[in-house]
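Each residue of the sequence shown is one higher than the one before, counting from 0 in numbering that gives the first Met the number 0.
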Amino acid sequence: MALTTNRQLEKIVPSKIRELDEIFRSVDGCIMMTMGEPDFGMPENVKEAAITAIKNDVSHYSHSMGTLDARQAVAEFLKKRHNLDFDPASEIILTIGATEAIYSALFGVLNPGEKVIVPSPYFPLYKQATTTAYGETIEVDTSQTGFLMTPQLLHQTMAENENVKAIVLNFPSNPTGVTYMKEELVALAEAIKQYDIFVISDEIYSELTYGVDHLSMASLLPDQTILINGASKSFAMTGWRVGFIAAKKQWIPPIFKVHQTVVTTGVSVSYAAAAEAFRNGEADIERMRMAYETRRNICLDALTKAGFTVPEPKGAFYVFARIPEKFGNDDMAFCQTLAKEARVGMIPGSIFGPGGEGYVRMSFALATDLVEEAMQRVSAFVG
Ligand SMILES: Cc1ncc(COP(=O)(O)O)c(C=O)c1O
Numbered sequence: 000m001a002l003t004t005n006r007q008l009e010k011i012v013p014s015k016i017r018e019l020d021e022i023f024r025s026v027d028g029c030i031m032m033t034m035g036e037p038d039f040g041m042p043e044n045v046k047e048a049a050i051t052a053i054k055n056d057v058s059h060y061s062h063s064m065g066t067l068d069a070r071q072a073v074a075e076f077l078k079k080r081h082n083l084d085f086d087p088a089s090e091i092i093l094t095i096g097a098t099e100a101i102y103s104a105l106f107g108v109l110n111p112g113e114k115v116i117v118p119s120p121y122f123p124l125y126k127q128a129t130t131t132a133y134g135e136t137i138e139v140d141t142s143q144t145g146f147l148m149t150p151q152l153l154h155q156t157m158a159e160n161e162n163v164k165a166i167v168l169n170f171p172s173n174p175t176g177v178t179y180m181k182e183e184l185v186a187l188a189e190a191i192k193q194y195d196i197f198v199i200s201d202e203i204y205s206e207l208t209y210g211v212d213h214l215s216m217a218s219l220l221p222d223q224t225i226l227i228n229g230a231s232k233s234f235a236m237t238g239w240r241v242g243f244i245a246a247k248k249q250w251i252p253p254i255f256k257v258h259q260t261v262v263t264t265g266v267s268v269s270y271a272a273a274a275e276a277f278r279n280g281e282a283d284i285e286r287m288r289m290a291y292e293t294r295r296n297i298c299l300d301a302l303t304k305a306g307f308t309v310p311e312p313k314g315a316f317y318v319f320a321r322i323p324e325k326f327g328n329d330d331m332a333f334c335q336t337l338a339k340e341a342r343v344g345m346i347p348g349s350i351f352g353p354g355g356e357g358y359v360r361m362s363f364a365l366a367t368d369l370v371e372e373a374m375q376r377v378s379a380f381v382g
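1) Using 10 angstroms around the beta-carbon of Tyr-133, count the other beta-carbons present and answer buried if the total reaches 16, otherwise exposed.
2) Kindly provide the chain-ordered list of residues whose Cβ lies closer than 6 Å to any non-hydrogen atom of ligand 1.
3) How about His-59 and Ala-217: do their beta carbons lie closer than 9 Å?
4) Ser-89 and Ile-251 - do their beta-carbons sit closer together than 9 Å?
5) Roughly how many angstroms lie between the CA atoms of Pro-353 and Ala-273, to the nearest whole one?
6) Going by CA-CA distance only, name the one from Thr-224, Phe-39, Met-157 and Glu-285 that's closest to Asn-169.
7) Assign Thr-237 to one of three DSSP states: helix, strand, or coil.
8) Mapping DSSP to helix, strand and coil, what is Ser-205?
9) Contact between the stretch 109-129 and the stretch 163-180 is defined here as three or more beta-carbon pairs at a separation below 8 Å; is this criterion met?
10) How long is the line joining the alpha carbons of Ser-103 and Pro-221, rounded to whole angstroms?
11) Cβ atoms of Ala-315 and Ser-172: under 9 Å apart, would you say?
12) Cα separation between Met-0 and Val-12?
13) Taking the C-alpha atoms as reference points, what is the distance between Thr-303 and Val-309?
14) Alpha carbons only, please: which of Ile-191, Gly-35 and Lys-15 is nearest the one belonging to His-154?
15) Does DSSP put Val-262 in a helix, in a strand, or in coil?
16) Can you tell me which of Val-177, Ile-199, Ala-186 and Val-198 puts its alpha carbon nearest to the alpha carbon of Leu-207?
17) What's the call for Gln-249, buried or exposed, on a 16-neighbour Cβ count within 10 Å?
18) Mind checking Ala-48: buried by the 16 CB within 10 Å criterion, or exposed?
19) So is Glu-402 buried or exposed if we call it buried at 16+ other beta carbons inside 10 Å?
20) Identify whether Lys-339 lies in helix, strand or coil by the three-state DSSP scheme.
21) Looking at Phe-307 and Ile-322, is the spacing between their C-beta atoms short of 9 Å?
22) In three-state terms, what does DSSP make of Thr-130?
23) For Leu-152, which residues from the same chain have a beta carbon less than 6 Å from its beta carbon, with the 5 sequence-adjacent residues on both sides left out?
24) Return the chain-ordered ranges of every beta strand (DSSP E) run that is complete within the stretch 74-149 and spans a minimum of 3 residues.
25) Can you tell me which residues form a DSSP beta bridge with Phe-23?
26) If I measure Cβ to Cβ from Pro-253 and keep anything under 6 Å in the same chain, skipping five residues before and after, which residues do I get?
27) So what does DSSP say about Met-31, is it helix, strand or coil?
28) Quick one: which unbroken beta strand (DSSP E) runs of 3-plus residues sit fully inside the stretch 164-216? Chain order, please.
29) Between Ala-97 and Gly-242, how many whole angstroms is the CB-CB distance? I'm expecting something under 8 Å.
30) Output needed for Thr-67: all residues of its chain with C-beta closer than 8 Å, excluding positions within five of it in sequence on either side, in chain order.
31) Determine the extent of the beta strand (DSSP E) in which Asp-227 is found, giving its start and end residues.
32) Check this for me: beta carbons of Leu-77 and Phe-85, under 9 Å apart or not?
33) According to DSSP, simplified to helix, strand and coil, what is Met-374?
34) In this structure, does DSSP put Val-257 in helix, strand or coil?
What follows is the structure, encoded as structure tokens:
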């Protein structure tokens, strides 16, 4: 048969994180630090809101942008936590997780062949979504600038490339945990302002910072920013699949068309749950944030003593650590041996793009005693 499928998709590799997760999971007793999956249950009031919604037959299609109530709750959350003003009627779309938000945003702004700057190491979805939208990524190695995009790197990349349409920023970052200090973000925003490019600002970890306040790109560059966030990480609600896009209203229609074409609308019960979380979730955010901070400190202390070089994660729930010199630069081999011999699962840094070689990413979003046990095993392993 001469049947073929979309050739563009041949460029996309299925998620390596999930593939490695499955392999390491098969090692008996392996402590899995592979996935960015909070170990906490969903907050009790959020469960109640979902149960009430089910009992009230909230089981029908909702508005394509998400229920107005949930969009209002997002607008209140953005105002209260980040002093941002977005109109719930025309500037917020609820999506199926931040994942769909990233996809719909990129598809909504890109023409075929246009380029997207992606500071590296990066969350692999940005490349997959850009490629699916017939765009091209320009991966910019940030390993020499503390894993941060700088004005200088931006100017250089813009000078070397034509047809650039957007830059993706993700802070606090998956995989590195680093985030921008206020002056750094202000300087970067000033630099971006000089170009006609969008900022797709993935701030899904905005509520999980350690010792620093999160500043949103939307507050510095409101006209160019397409803000992405959601309930998955802040409220331990990954399975409810609630993300959102917030942007100036002139950018919403094309993104909305993609969203409506792909999903029509999200899940009504999830919207009811997320509305409660966004409105009344501050204490839960703080409770979980404090637990993550304790775990982060356990990792930092143990890894530094064991000879890893660790950029201090100021947010999210990952440590991105440089493997001790005696193990060389092969992060894949290191992770495979570590899983087999020490029974700790981590993700090799190289799968997150240039600049990640020789590093490992570990998620500390698992119970504190498991984090402690994992660090003991790692320390014994590296000797
Ligand atoms: C940086 C980043 N963006 C987006 C996502 C996807 O979030 P969601 O589960 O809401 O689709 C993740 C999940 O790991 C992430 O780390």
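All C-beta atoms, glycine included, are put in the ideal place defined by N, C-alpha and C.
Considering the structure as presented:
1) Translated into positions along the sequence shown, residue 133 becomes position 134. Burial call: exposed.
2) Gly-35, Gly-96, Ala-97, Thr-98, Phe-122, Asn-169, Asn-173, Asp-201, Ile-203, Gly-229, Ser-231, Thr-237 and Gly-242
3) Numbered from 1 along the sequence shown, position 60 holds the residue referred to as residue 59. Numbered from 1 along the sequence shown, position 218 holds the residue referred to as residue 217. Their beta carbons are not under 9 Å apart, which means His-59 does not touch Ala-217 by this criterion.
4) Here residue 251 is taken as the residue at index 252 of the sequence shown, counted from 1. Here residue 89 is taken as the residue at index 90 of the sequence shown, counted from 1. Contact flag set, yes.
5) For the purposes of this step, residue 353 is taken as residue 354 along the sequence shown, with counting starting at 1. For the purposes of this step, residue 273 is taken as residue 274 along the sequence shown, with counting starting at 1. When rounded, the distance between both Cα atoms is 36 Å.
6) Residue 169 sits at position 170 when you count from the first residue of the sequence shown. Selected option, being the one with the closest Cα: Thr-224.
7) Counting from 1 along the sequence shown, the entry for residue 237 is found at position 238. Helix.
8) Looking up residue 205 in the sequence shown gives position 206. Note: Ser-205 maps to coil in three-state DSSP.
9) yes
10) Locating residue 103 in the sequence shown gives position 104, where the first residue counts as 1. Locating residue 221 in the sequence shown gives position 222, where the first residue counts as 1. In a straight line, the C-alpha of Ser-103 is about 19 Å away from that of Pro-221.
11) Locating residue 172 in the sequence shown gives position 173, counting from the first residue. Locating residue 315 in the sequence shown gives position 316, counting from the first residue. Cβ distance < 9 Å, so Ser-172 and Ala-315 count as in contact.
12) What you label residue 0 is simply residue 1 of the sequence shown in a count that begins at 1. What you label residue 12 is simply residue 13 of the sequence shown in a count that begins at 1. Using only the alpha carbons, I get a separation of about 25 Å.
13) Indexing the sequence shown from 1 puts residue 303 at position 304. Indexing the sequence shown from 1 puts residue 309 at position 310. Taking the straight line from one Cα to the other gives about 7 Å.
14) In the sequence shown, counting from the first residue as 1, residue 154 sits at position 155. It is Ile-191 whose Cα lies nearest to the Cα of His-154.
15) Residue numbering aside, residue 262 sits at position 263 when the sequence shown is read from its first letter. Helix.
16) For the purposes of this step, residue 207 is taken as residue 208 along the sequence shown, with counting starting at 1. Comparing Cα positions, the closest option is Val-177.
17) By 1-based counting over the sequence shown, the position of residue 249 is 250. Result: exposed.
18) The residue given as residue 48 occupies position 49 in the sequence shown. Its Cβ being crowded by 16 or more others within 10 Å, Ala-48 is buried.
19) Missing from the structure shown is residue 402; the chain here goes from 0 to 382 and no further.
20) Against the sequence shown, residue 339 aligns to sequence position 340. Correct three-state label for Lys-339: helix.
21) Here residue 322 refers to the residue found at position 323 when the sequence shown is read from its first residue. Here residue 307 refers to the residue found at position 308 when the sequence shown is read from its first residue. Result yes, Cβ atoms of Ile-322 and Phe-307 sit closer than 9 Å.
22) Translated into the one-based positions of the sequence shown, residue 130 becomes position 131. In this structure, Thr-130 counts as helix in the three-state DSSP scheme.
23) Taking the sequence shown and counting its residues from 1, one reaches residue 152 at position 153. Closer than 6 Å at Cβ, skipping near neighbours: Val-139.
24) 91-95, 114-119 and 135-140
25) Position 24 of the sequence shown, counted from the start, is the residue given in the question as residue 23. Note: Phe-23 sits in no beta bridge, so no partner.
26) What you label residue 253 is simply residue 254 of the sequence shown in a count that begins at 1. Cβ within range, chain order: Gly-107.
27) On the sequence shown, residue 31 is found 32 positions in, with the first residue counted as 1. In the structure shown, Met-31 sits in a strand (DSSP, three-state: E or B).
28) 197-201
29) As a working mapping, residue 97 is identified with position 98 in the sequence shown. As a working mapping, residue 242 is identified with position 243 in the sequence shown. Ala-97 to Gly-242, Cβ: 4 Å. Contact.
30) As a position in the sequence shown, residue 67 is number 68, starting the count at 1. The sequence given here has Leu at residue 67, not Thr. Hits under 8 Å: Pro-87 and Ala-88.
31) To locate residue 227, count along the sequence shown from 1; it is residue 228. A quick correction: the sequence has Ile, not Asp, at residue 227. Run containing Ile-227: 224-229, per the beta strand (DSSP E) assignment.
32) By 1-based counting over the sequence shown, the position of residue 77 is 78. By 1-based counting over the sequence shown, the position of residue 85 is 86. In this structure, Phe-85 lies closer than 9 Å to Leu-77 by Cβ.
33) Reading the sequence shown from its first residue, position 375 is the one you call residue 374. Note: Met-374 maps to helix in three-state DSSP.
34) Counted from its first residue, the sequence shown places residue 257 at position 258. Of the three classes helix, strand and coil, the one that applies to Val-257 here is helix, per DSSP.
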